[in-house]
Amino acid sequence: MEQFPREGTPRYGEPVPEPRRKAGLLVLFAILILIIGVAWGLSRYLALFEEIRTQEDIAARIAENRIRFSNAFSDIAGVTEADIANGFWYTYTDAEGNEHVLYFDPNALAAKNLSDAEVSYLASLVAKSQVTNRSNMRVLSDSELSSNLQFHNLVYSFGTGGTTTIGLEETLESKVRSGTASSDDLLRLSYLYELDGRYTERDALNRENCERFNVRCASDVTLTISGRVVDGRGAPVSGASVAIVSKPEVRAVQTNADGLYSFKTGVKELEKLRIRAVKRNFSDGFANLIVLTSGVKALAVGDIAIESPINIVTVDYAEKTVTGAGNSFAPDGKLIIKTPQSTYEIPSGAIVGKDGKPYTKGPIDVYLYEFTKGNAPESLTNLDTFDQVLGYAGDLMKTFGMPYIQFFTEDGVELDVLKSKPMVLTYKIAEMEALRTNQDQIYEPLTEADMQLLVAASIGEPYKIDREFLINNQLLRFPAFWVFDRRRGVWDNVGVSVLDTEGTIRSIFYTVRDD
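Numbered per the numbering used here, the sequence shown finishes at 520, counting up by one with no gaps.
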C-alpha cells in the first residue's frame, strides 16, 4: 500500500519550505560559530600556556647561566659573590697596549646564553683585569682607576672633596672664553655638556677641538647598537620607535615583531649615548651608554621596558571639558588633573605642539602614571644625568616614587609642556616610611627635625630645596626632586617646596626643557 507523507512533510525531490530551510541554516551557522569559538579559545589557551612556559624557560636559563658565571669567576682574586650577583667594572690592557674599560652586567649576559667557550674567555679577561666593585667606584683613589674613569669619577662625585659639576663646568668655560683651554679641557667640557643634554654646544666644542688641535674630528669607531623593547611583563613590543636622542642625525628605527632593533653610528671615545623608545599607550623608555674606550665595536643594550598608564584623561579645551572624577577647569582656564598621589595645575596654553605653539586643534589624551617603589620603571630610574655608576637620581626615584605624565593628540602625536611655561605639581611622597626608617640603608633615617627644617626653608622662597641645598646642609637623606626632559633624555633638578612634615612637596613640572 502506498504510504503518503504526513501533512506538511515534503516528498522526496520536492524543495524544503523556506522557513524550515532558514532554521536549518541558522542551526548550522550556530554550530559553526561554536566550533570557531572553541578553536579560538583553545588556541589562545595554548598560546598563553606556551608564553608562560617560554618565560619560565627563560627565567630558568638565566638562573642557570648566573650559576655558570659564579663557578667560572669563583677563583678570581678580587671578585666576590656579591660582585657576580650585582655587576662590576673591569679594566684590562690588550696586546697592543689599548686600555679597555668594560662592565659585567650579570642579567644582560645571563640572558645571552653564552657558550662554555665564551664564559671561559670572559673569565680569562676578568682574571687579568683590575676589578672595581660598583659600590666602590666613588671612593677609590684616582691612582687605582684608569685615566678615563678618573674624570668619570670626578664628575659623579656630587660634591665630595669640594668638587661639584657646576664648579668644574665654570672653570672650564672660563678657559674656553679666554682662549686658554687645552684639548683635554675642551673634551671634558664637551662631556659635561653632553651629560646635561646640551648637544649643540657639545658639538661646537668638538669642532673647536678639531680646528685647534686636530683631535675629535671624526668618530673613533663605528659602533653597532642592538637591543630589545619590552612591556612591563617582559613581552616584546613591536612597532616602537627607537632613536639616539644625543645624536639627532641618526635616523630612528622600528622594533620588529620580537621587539628587537639595531643600528650603526659613529662614536667618539668618552661619548655618552642616550637611546629612547617611544610608542603610544606606553611610557617613554630610555637606556644610556658611555663609550669609555675606542676598543668596542658593538654594544648590546639591556631591555628597555615601557609601562602602561594607570589612567587616561581626555581634555577638550574648546568645550572646556575633562574626563575623570576630580578633574576640572579653573575659572582662569587652568586645567587641574588629580591622581591618588599628585595634583597637576596646567596653565591655559601650556600644552604645545612640535612648533612650540599652544595646541588647539582638538581633544588631548593625557596619560597618567604613578611609579612607586614596587613598580619603578628601570628604563627611567637607571637613566641618570649625574651618576652613571650608582644611579643617584634613579636610586632616589626608586626610594620615594615619582609621577609621570604624557600628552597625545587623537592621532597619536606627542605634545609637550615647556619649562618656560610649566605645570605646577603637588605630590605626596609615596614612600615616606622608607625614608624615615632608612629601609634602603643608603643614608641615615630622615627625622622629624629634618622635615621641620625643610618646611621652614621653603617659606618665602619657592622651590628652594634642590640638590645643592641638600648637599650644603648635609641632608641627602631627603630626596632631591628631578624632572625628566624626555627630548634630551636627562634629569633636571628643579627644586621643591616642602609643604608639611608628612612629605607633601610642590614643584614645577614639564616634559621638555627649552632654556
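In this text, a Cβ means the ideal position worked out from N, Cα and C, and glycines have one as well.
Remember, it's a predicted structure, so these values are computed and weren't measured experimentally.
- Nearest Cα to V418 within the set V226, T344, D88 and P368: P368.
- Scanning N498, A461, R482 and N112 for the CA closest to the CA of R472 turns up N498.
- Of the other Cβ atoms in all chains shown, 16 or more fall within 10 Å of the Cβ of I309; this residue is therefore buried.
- Per DSSP, Q411 is one residue of the beta strand (DSSP E) stretching across M407 to T414.
- DSSP places S125 inside the alpha helix (DSSP H), whose first and last residues are D121 to A132.
- Look at S187 here: in three-state DSSP terms it is coil, with no helix or strand label.
- In the DSSP assignment, P363 is bridged to V357.
- The residue from P363, K359, T344 and E350 with its alpha-carbon nearest to that of L373 is T344.
- If the five residues before and after F486 are omitted, its C-beta is found closer than 6 angstroms to the C-beta atoms of V501 and S512, all from its own chain and listed in chain order.
- For Q457, the uninterrupted alpha helix (DSSP H) run begins and ends at E453 to S463, by DSSP.
- Taken through DSSP and simplified to helix, strand or coil, I67 comes out as helix.
- Per DSSP, the continuous alpha helix (DSSP H) segment holding N214 begins and ends at Y204 to F218.
- Here the C-alpha atom of I341 lies approximately 17 angstroms from the C-alpha atom of Y364.
- DSSP places R281 in the strand class (E or B) of the three-state scheme.
- With contacts defined as CB atoms closer than 8 angstroms, L504 and F483 fail to qualify as a contacting pair.
- A direct Cα-Cα distance of roughly 9 angstroms separates D520 from L423.
- Between K284 and S246 the beta-carbon gap is near 7 angstroms, inside 8 angstroms, which marks them as a contact.
- Remark: C-beta atoms of Y322 and M428 do not approach each other more closely than 8 angstroms.
- Among the bridge pairs identified by DSSP, S512 is matched with L430.
- P408 counts as buried, since at least 16 other C-beta atoms from the protein chains shown sit within 10 angstroms of its C-beta.
- For a cut-off of 8 angstroms, the C-beta gap from Y97 to S134 is around 4 angstroms, short enough to register as a contact.
- Contact between the stretch 64 to 77 and the stretch 117 to 128 is established, with three or more Cβ pairs separated by less than 8 angstroms.
- Per the DSSP secondary-structure output, R233 pairs in a beta bridge with L265.
- By the 16-neighbour rule on beta-carbons within 10 angstroms, L33 is exposed.
- I315 sits away from S288, with the two beta carbons spaced by 8 angstroms or more.
- For the options N286, A439 and G508, the alpha carbon positioned closest to that of Y432 is the one of G508.
- Between I280 and N293, the C-beta spacing is below 8 angstroms.
- When C-alpha distances from A128 are compared across K269, A82 and S267, the shortest belongs to A82.
- For F93, the three-state secondary structure derived from DSSP is strand.
- For the pair R233 and G264, the CB atoms are nearer than the 8 angstroms cut-off.
- Relative to the Cα of L480, the nearest Cα in the group A435, P450, V235 and R493 belongs to P450.
- CA-CA distance, T506 to Q457, rounds to 6 angstroms.
- For A330, no beta strand (DSSP E) run applies, since DSSP gives it neither H nor E.
- For A305, same chain residues with a beta-carbon under 6 angstroms away, outside a window of 5 residues either side, are S231 in chain order.
- Taken through DSSP and simplified to helix, strand or coil, A116 comes out as helix.
- Per DSSP, reduced to three states, the secondary structure at Y198 is helical.
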